[in-house]
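Shown next, in structure tokens, is the structure this report addresses.
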Amino acid sequence: MLVNGKWVAKWDPVQAKDEKGGFVRQTSTFRNWVTPDGSAGPTGTGGFKAEAGRYHLYVALICPWACRTLMARKLKGLEDAITISIVEPELTDQGWRFAAGADPVNGATYMHDLYTKADPQVSGRATVPVLWDKATGTIVNNESAEILRILNTGFGALAKGPDLYPADLAAEIDALNDAIYPALNNGVYRAGFATTQLAYEEAFRDVFATLDALETRLSDGRQWLHGDRFTETDIRAFVTLARFDAAYHGLFKCNLRRLSDYPLLTAYSARVYRLPGIAETVSIDHIKRGYYSIKALNPNGIVPLGPKLDWLVP
Ligand SMILES: N[C@@H](CCC(=O)N[C@@H](CS)C(=O)NCC(=O)O)C(=O)O
Numbered sequence: 001m002l003v004n005g006k007w008v009a010k011w012d013p014v015q016a017k018d019e020k021g022g023f024v025r026q027t028s029t030f031r032n033w034v035t036p037d038g039s040a041g042p043t044g045t046g047g048f049k050a051e052a053g054r055y056h057l058y059v060a061l062i063c064p065w066a067c068r069t070l071m072a073r074k075l076k077g078l079e080d081a082i083t084i085s086i087v088e089p090e091l092t093d094q095g096w097r098f099a100a101g102a103d104p105v106n107g108a109t110y111m112h113d114l115y116t117k118a119d120p121q122v123s124g125r126a127t128v129p130v131l132w133d134k135a136t137g138t139i140v141n142n143e144s145a146e147i148l149r150i151l152n153t154g155f156g157a158l159a160k161g162p163d164l165y166p167a168d169l170a171a172e173i174d175a176l177n178d179a180i181y182p183a184l185n186n187g188v189y190r191a192g193f194a195t196t197q198l199a200y201e202e203a204f205r206d207v208f209a210t211l212d213a214l215e216t217r218l219s220d221g222r223q224w225l226h227g228d229r230f231t232e233t234d235i236r237a238f239v240t241l242a243r244f245d246a247a248y249h250g251l252f253k254c255n256l257r258r259l260s261d262y263p264l265l266t267a268y269s270a271r272v273y274r275l276p277g278i279a280e281t282v283s284i285d286h287i288k289r290g291y292y293s294i295k296a297l298n299p300n301g302i303v304p305l306g307p308k309l310d311w312l313v314p
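Here the sequence shown stands for residues 1 to 314, numbered as in full-length UniProt numbering.
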């Protein structure tokens, strides 16, 4: 991670734990918002006006948080307005790395180069996603939950597509997001990066209780998690479901059931995958190579050949 702008240690997924040995995810540091007129958003400072071609999104295809933002960019028709760079799937001792030429905006070698460019004294982990402002040469925001909302409304008329956070569903969306984030989205990481049996078992139970609840939720025939409208909760659920059998079931020891043991969640995942543009945001190759490159969990770096994924239909 970075301490006062210097890269200090070899990359290790677990650098903060709670008193039970549970994995603790750091909070994001850059919290500004792009808005249609450049006024300040709910947090941070103003000065980030929506303009086509001004912003760049840095992502990893292995990363569920980054892929939230890639999905929203597609669904909101912002591909022409926002350019992207994709890091290499394997984590190095200095975190995410770019292949030669993969960052035409800053020419960075590592993700941490962008963090120190934005703030030479920055401390923390150099995570993806990052929404970068080419005009001022800084990071606008590195919190995927907020970038999702920025892509939904911050780009004003540049964006098209469905409202991913409609006002009349906001309370319901917030409630379901708040339930699935700790127990499922981050729950699989809490299981995978637990350093005690107790922390692992707690996370494991949370993960499967949540999958069971989501399967039940879909049993009334609804198409999406909040009914007939596709919302940001569907994005947030899908990115975890899409990685479940390929990475979390094996590497993160979330092995009570597979996604494919849940018929409604499997059909739901296939439905999301078939939305226009979404298949391009899903790389099972990157997901497997990326997760299985985490040396602390898989020292020899062997990448499994399976499993067969039933939801991955064109
Ligand atoms: N709160 C952040 C979390 C992002 C995050 O943890 N990304 C991971 C990849 S899945 C990362 O970049 N990790 C690199 C590191 O921890 O050094 C968000 O949702 O945007």
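Note that beta-carbon positions come from the ideal geometry of N, C-alpha and C, so glycine has one too.
- Nearest neighbour of Ala60 by Cα position, chosen from Asn300, Ile294, His286, turns out to be His286.
- Counting along the chain, the unbroken alpha helix (DSSP H) around Ser144 starts and ends at 144-149.
- In the structure shown, His226 adopts coil according to DSSP, grouped into three states.
- Of the heavy atoms belonging to ligand 1, at least one sits nearer than 7 Å to the Cβ of Thr127.
- Non-local beta-carbon contacts of Val34 in its own chain, meaning distances under 7 Å to residues more than five positions away in sequence, involve Phe48, Ala50, Tyr55, Val140, Ile150, Gly154, Phe155 in chain order.
- From the listed residues Tyr200, Pro307, Ala270, the smallest Cα separation to Ala247 is found for Pro307.
- In the three-state DSSP reduction, Tyr181 falls in the helix class (H, G or I).
- If only uninterrupted alpha helix (DSSP H) runs of at least 4 residues are considered, those enclosed by the region 191-220 are 197-217.
- Distance check between Gly44 and each of Tyr58, Thr29, Leu57, Asn255 places Thr29 closest, using alpha-carbon atoms only.
- In this structure, Leu218 and Leu265 form a Cβ contact; the two beta carbons are roughly 7 Å apart against a cut-off of 8 Å.
- Per DSSP, His56 is one residue of the beta strand (DSSP E) stretching across 55-59.
- Going by DSSP, Val128 is part of no alpha helix (DSSP H) at all; its letter is neither H nor E.
- By the neighbour-count definition (other C-beta atoms within 10 Å, threshold 16), Val122 is a buried residue.
- Counting along the chain, the unbroken beta strand (DSSP E) around Thr83 starts and ends at 82-86.
- When DSSP states are grouped into helix, strand and coil, Gly290 belongs to the helix group.
- Here DSSP, grouped into helix, strand and coil, assigns Thr281 to helix.
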